[in-house]
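**Q** Following this message is one structure expressed as structure tokens.
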Amino acid sequence: GAVVSQHPSRVICKSGTSVKIECRSLDFQATTMFWYRQFPKQSLMLMATSNEGSKATYEQGVEKDKFLINHASLTLSTLTVTSAHPEDSSFYICSATPLDTQYFGPGTRLTVL
Amino acid sequence: TQLLEQSPQFLSIQEGENLTVYCNSSSVFSSLQWYRQEPGEGPVLLVTVVTGGEVKKLKRLTFQFGDARKDSSLHITAAQPGDTGLYLCAGAPGGNQFYFGTGTSLTVIP
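As you go down the protein sequences, you meet chains A and B in turn. Take the first sequence: its position 49, counting from 1, is numbered 49 in the working numbering, and each next residue is one higher. Whatever position you read off the second sequence (first residue = 1), add 1000 for the working numbering.
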């Protein structure tokens, strides 16, 4: 099956700093990728749709200037959490959809101190 | 925004028992998927249903898509400890964006 990777798997940062999370499709090209966040014991919330070569589409309530998404190539999308605060601590997961099946990355655990 | 409500939210049962998880919405979905997620990992796809009234079986798991394509259910027969995990439904209203349900945390006690 298709493989999606994320890097880093875990990151701890100080409040006020920015953190970049990478999502890569390893064996297929993805013109569209999705970013989700998940709080402990909760479900996944769709944050934004990342479109290769164009601006991301953000879900209602998600701050565009805080969660910067760049989809510069057909195999890489990045999510940058700018000026991170403790409330941004969460599990961030990306996915890509070759054909009609959604494949998820292993997730990135962000902890903001 | 979570368009899909799952019930129950938490479920703890003994090994060998049967269970059903429900996924309900007022929206119509072109397709609906069920996932299982382990702590600290991404969700793993179990099944995709696309036709109203469709029933799919995967070993001890039976998935049903409602006739109106607004709801779905997951039935597990003779649950085993290895079935423990977070079960998530996800629906696509149209296009390729999926919205997840509220989740059902299942614990199967040996």
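Note that beta-carbon positions come from the ideal geometry of N, C-alpha and C, so glycine has one too.
#1: Just the chain C side, please: which residues come within less than 7 Å of I21(A) by C-beta, in chain order?
#2: Does the beta carbon of L1088(B) come closer than 7 Å to any beta carbon on chain A?
#3: Using a beta-carbon distance below 7 Å, is F28(A) in contact with chain B?
#4: For L1003(B) and Y1099(B), what's the separation of their Cα atoms in angstroms?
#5: Answer with yes or no whether the minimum CB distance from T1102(B) to chain A is below 7 Å.
#6: Looking at the structure shown, is D1067(B) part of a helix, part of a strand, or coil, going by DSSP?
#7: How many Å lie between E87(A) and A1092(B) at the Cα?
#8: Cα-Cα, which of D1067(B), G1040(B), I1109(B), G1082(B) is closest to F1029(B)?
#9: Would P1043(B) be called buried (16 or more neighbouring beta carbons within 10 Å of its own) or exposed?
#10: Give a yes or no on whether 7 Å exceeds the smallest Cβ distance from A93(A) to chain B.
#11: Classify E1005(B) as helix, strand or coil using the three-state DSSP reduction.
**A** On the basis of the coordinates in this document:
#1: Of the protein chains in this structure, namely A and B, none is chain C.
#2: Yes, its Cβ sits closer than 7 Å to a Cβ of chain A.
#3: For F28(A), the nearest beta carbon of chain B is not closer than 7 Å to its own beta carbon.
#4: Rounded to the nearest angstrom, the two C-alpha atoms are 7 Å apart.
#5: Output row for T1102(B): interface = yes.
#6: The three-state secondary structure of D1067(B), taken from DSSP, is coil.
#7: Put simply, the backbone Cα of E87(A) is about 29 Å away from that of A1092(B).
#8: Selection D1067(B), G1040(B), I1109(B), G1082(B) evaluated against F1029(B) yields D1067(B) as nearest (Cα-Cα).
#9: It counts as buried.
#10: The question names Ala, but residue 93(A) in the sequence shown is Ile. Chain B, which has a Cβ nearer than 7 Å to the Cβ of I93(A), makes this yes.
#11: Reduced to three states, the DSSP call for E1005(B) is strand.
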